[in-house]
Amino acid sequence: MRNTKFLLPSKFKNAGWWIFGITLVLIILHFAFQSQCDFSVNTIRSFLGMERLGPKETQLTTIFSSSFGPNDDLLLTFIGILLIVAGIFIGFSRNKEDDEFIEQLRYESLILSLYINSGIVLLCLIFVWGFSFLWVMTINIFSTLYVFIFCFYLRLYLNKRSLRHEKQD
Amino acid sequence: MDITQGELADIIGVTRQAVNSIELGKYVPSTLLALKMAQYFGKTVEELFILEEGD
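Set out below in structure tokens:
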């Protein structure tokens, strides 16, 4: 009775929560020690001893030079990658108990999250101007995924709660 | 037939939430699930489910 071919096995869900937890810790550490720690491309290059090789001598250096600016923060890039991987694992892996009803909830939550996210972006388009809009776009990279996760788990919880109430009646 | 939602859910291989939502009319099951339920109760699908006005 499972029609969805694109979901990951349920074991990915736990892995997703672990990655999400680690990412949260990294975000807190990043903002807490922002002034003391430097994860810029230049620092990483010197840590790896790449500056001694010269920019034209290794393929890796060339990739580094063309993809990032010298002061770009690699930790933020790493956090972004982890957030997306965690979100995919949490949102798109099967539940331990999964059936067509849960699939329906998942599908409806996805549509709902797109509406909510688009609504928020619309409001931001109207009210947020200038450089601050860059923050809106940055958050928007992850927001659809995480609004979906929130909607899906909220609906799952509400359904389970209504079952518990029924048991007591 | 005296059966709980949980027992029926286990027999036809879905969650109790699904059975509960079908019973409350909040969720329309797939053909396969409707056939499984009909088979368990020894009835036809039309005896278990009816078209309502507006469907």
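First to last, the protein sequences are chains A and B.
Counting in our numbering, the first sequence runs without a single skipped number right up to 205 at its last residue.
Counting in our numbering, the second sequence runs without a single skipped number right up to 317 at its last residue.
Beta carbons: idealized from backbone N, C-alpha and C, even for Gly.
Please read all numbers here as calculations on a predicted model, not as lab measurements.
is_contact[residue 306/B, chain A] using C-beta, thresh 9 Å: For this step, residue 306/B is matched to residue 44 along the second sequence. Answer no: the Cβ-Cβ gap between residue 306/B and chain A never drops below 9 Å.
is_contact[residue 140/A, chain B] using C-beta, thresh 9 Å: Locating residue 140/A in the first sequence gives position 104, counting from the first residue. Answer yes: the Cβ-Cβ gap between residue 140/A and chain B drops below 9 Å somewhere.
Residue 272/B - partner residues in DSSP beta bridges: As a position in the second sequence, residue 272/B is number 10, starting the count at 1. According to DSSP, residue 272/B bridges with nothing at all.
Status (buried if at least 16 other CB within 10 Å, exposed otherwise) for residue 274/B: Counting from one through the second sequence, the residue named residue 274/B turns up at place 12. Buried is the call here.
Cβ-Cβ distance between residue 129/A and residue 196/A below 9 Å: Translated into the one-based positions of the first sequence, residue 129/A becomes position 93. Translated into the one-based positions of the first sequence, residue 196/A becomes position 160. Cβ distance not < 9 Å, so residue 129/A and residue 196/A don't count as in contact.
Below-9 Å beta-carbon distance, residue 41/A vs any chain B residue: Here residue 41/A corresponds to residue number 5 of the first sequence, with the count starting at 1. For residue 41/A, the answer is no, since every Cβ of chain B falls outside 9 Å of its Cβ.
Whole-angstrom distance between residue 173/A and residue 200/A, CA atom to CA atom: Here residue 200/A refers to the residue found at position 164 of the first sequence. Here residue 173/A refers to the residue found at position 137 of the first sequence. So the two alpha carbons sit approximately 41 Å from each other.
Cβ contact check for the stretch 173-183 of chain A and the stretch 115-124 of chain A: 3 or more pairs under 8 Å: yes
Sub-9 Å separation of residue 263/B and residue 284/B beta-carbons: Walking along the second sequence from the start, residue 263/B turns up at place 1. Walking along the second sequence from the start, residue 284/B turns up at place 22. No. Outside cutoff.
Cβ of residue 137/A within 9 Å of any chain B Cβ: Here residue 137/A refers to the residue found at position 101 of the first sequence. Output row for residue 137/A: interface = yes.
Extent of the continuous alpha helix (DSSP H) run through residue 143/A: Translated into positions along the first sequence, residue 143/A becomes position 107. Residues 136-163.
Proximity of residue 162/A and residue 52/A at Cβ, strictly below 9 Å: Locating residue 162/A in the first sequence gives position 126, where the first residue counts as 1. Locating residue 52/A in the first sequence gives position 16, where the first residue counts as 1. Cβ distance not < 9 Å, so residue 162/A and residue 52/A don't count as in contact.
Buried/exposed call for residue 315/B, threshold 16 Cβ in 10 Å: Counting from one through the second sequence, the residue named residue 315/B turns up at place 53. Burial call: exposed.
Distance CB(residue 267/B)-CB(residue 138/A) smaller than 9 Å: Against the second sequence, residue 267/B aligns to sequence position 5. Against the first sequence, residue 138/A aligns to sequence position 102. Taking 9 Å as the Cβ cut-off, residue 267/B and residue 138/A do not qualify as a contacting pair.
Proximity test, Cβ basis, 9 Å: residue 196/A and chain B: Along the first sequence, one-based indexing puts residue 196/A at 160. Yes, residue 196/A lies at the interface with chain B (some Cβ there is under 9 Å from its Cβ).
For residue 43/A, the three-state DSSP class (helix, strand or coil): As a working note, residue 43/A is residue 7 in the first sequence. Coil at residue 43/A, not helix or strand.
Assigned secondary structure, residue 292/B (DSSP; H/G/I helix, E/B strand, else coil): By one-based count along the second sequence, residue 292/B stands at place 30. Note: residue 292/B maps to coil in three-state DSSP.
Segment limits, alpha helix (DSSP H) that includes residue 113/A: Here residue 113/A is taken as the residue at index 77 of the first sequence, counted from 1. Per DSSP, residue 113/A belongs to the alpha helix (DSSP H) from 110-127.
Cutoff 9 Å: residue 295/B Cβ touching any chain A Cβ: In the second sequence, the residue the question calls residue 295/B occupies position 33. Answer yes: the Cβ-Cβ gap between residue 295/B and chain A drops below 9 Å somewhere.
Proximal residues of chain A, C-beta to C-beta of residue 280/B below 8 Å: Your numbering for residue 280/B matches position 18 in the second sequence. Contacts between residue 280/B and chain A, judged by CB atoms closer than 8 Å, involve 135, 136, 137 and 138 in chain order.
Contact with chain B by residue 150/A, beta-carbon distance below 9 Å: Locating residue 150/A in the first sequence gives position 114, where the first residue counts as 1. Chain B, which has no Cβ nearer than 9 Å to the Cβ of residue 150/A, makes this no.
Residue 263/B in three-state terms, based on DSSP: Reading the second sequence from its first residue, position 1 is the one you call residue 263/B. Reduced to three states, the DSSP call for residue 263/B is coil.
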